[in-house]
Amino acid sequence: MQRIHNATQLTRLSDDDLAELYAYPARLHRPWVRANFVSSIDGAATSGGLSEGLGTPADKSVFTMLRELADVILVGAGTVRAENYGGARADPQRRRALYNRGLGGHRDGAPPPIAVLTASAAIEPGSRLCTDTSVAPIIITTAAAPQDRKQQLRDAGARVVEAGDIAVTPKGLLRALEKLELRRVLCEGGPHLFGELLDADAIDELCLTTAPVLVGGTARRISLSAHEFRTPMARTHILLDDDGTILTRWARR
């Protein structure tokens, strides 16, 4: 790998190099939460109301690799609806190879399930989340959520997990994932879920893509919370693409 100003050119990395670079810690004994976001140079988390509007080929490559390494993809219900989430896709051979190397993946090559956090179980059973997937989505909800909604989601093939009485706290969420033995967690948003996890000191690392564009307007940041807080982070690497995309990985100090 050639280092340029303490950075690596993405084009010089093979898929195996990329997998090694983004591998989760070995022998995890608890859920390790990695967040992945894209933003513009001026800090917008969306363009045209969607994060997809900021995507670049480099971002897509890392996005795909992060999903292939993960045990589960964690998303808030608002993001699922706004981005029209379906099930994750994955290359079975690559997932098996990653598993055999101890980097992540899955022994059978199955893609990671989408886990949706929604206290009220407010997900449509006919949405792509349930109809366009090869693995059952996981609905993380509460005992107080309407029973008919939860049953409709079960009937649609979802796995419904109650992780709280009237609310799902970050501790309750992580406890639920641990019970399911899903320790390599990839959080894809949205900003409110990320902010809540940050505020609870439940984020272990952030993978951030900076797209080479200015957006302006009133687009949201990648994290939103009820109050201000500070979480010190240490940069672990920088990747550069020829189009100006910058991909960084930050770990909690």
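All the letters of the sequence shown, read from the start, carry residue numbers 18 to 270 under this note's numbering.
We treat Cβ as the ideally placed atom computed from N, Cα and C, and that holds for glycine.
Everything numeric in this text was worked out from a predicted model, so none of it was measured.
In chain order, what residues of the same chain have a beta carbon less than 6 angstroms from the beta carbon of residue i, not counting five sequence neighbours either side?
i	result
S137	A162
L35	M82
How is the beta strand (DSSP E) around residue i delimited, first residue to last?
i	result
T253	M250 to L257
E222	E222 to T227
R201	R201 to C204
Can you pull the DSSP bridge partners for residue i?
i	result
E179	T158
I131	I90
L264	T226 and L256
R269	M250
Exposed or buried, what is residue i when buried is set at 16 or more other beta-carbons lying within 10 Å of its beta-carbon?
i	result
K196	exposed
R252	exposed
L27	buried
P74	exposed
P109	exposed
I183	exposed
F211	buried
F80	buried
A160	exposed
N117	exposed
S151	exposed
T96	buried
G206	buried
Starting from residue i and walking both ways along the alpha helix (DSSP H), at which residues does that stretch end?
i	result
A193	P187 to K196
A114	P109 to N117
L231	Neither: L231 is in no alpha helix (DSSP H) and is coded neither H nor E.
R171	Q164 to D172
H209	P208 to D216
R145	R145 to T148
Return the chain-ordered list of same chain residues with a C-beta closer than 7 angstroms to the C-beta of residue i, the five sequence neighbours on each side being excluded.
i	result
N101	R145
V55	S68, L71, G72, D76, T226 and A228
T135	A94, I156 and T158
H22	With a pLDDT of only 48 at H22, under the threshold of 50, the placement of this residue in the model should not be trusted, and no figure is reported.
G271	Residue 271 is absent from the structure shown; the chain starts at 18 and stops at 270.
R15	Any property of residue 15 remains undetermined from this structure, which presents the chain solely from 18 to 270.
L191	P48 and A219
To which residues of the same chain is residue i closer than 8 angstroms at the C-beta, ignoring the five residues directly before and after it?
i	result
R20	Low local confidence applies: a pLDDT of 43 at R20 is under 50, so the model's placement there is unreliable, with the coordinate-based value given in what follows. Once the five neighbours on either side are set aside, R20 has no close Cβ partner at all.
L120	A36, E37, A40, Y41 and L86
A43	G119
A105	R84, I90, P128, P129, P130, I131, T150 and V152
Quick check for students: name the residue ranges of the alpha helix (DSSP H) that lie wholly in the region 28-92, counting only runs of 4 or more. 32-38 and 74-86
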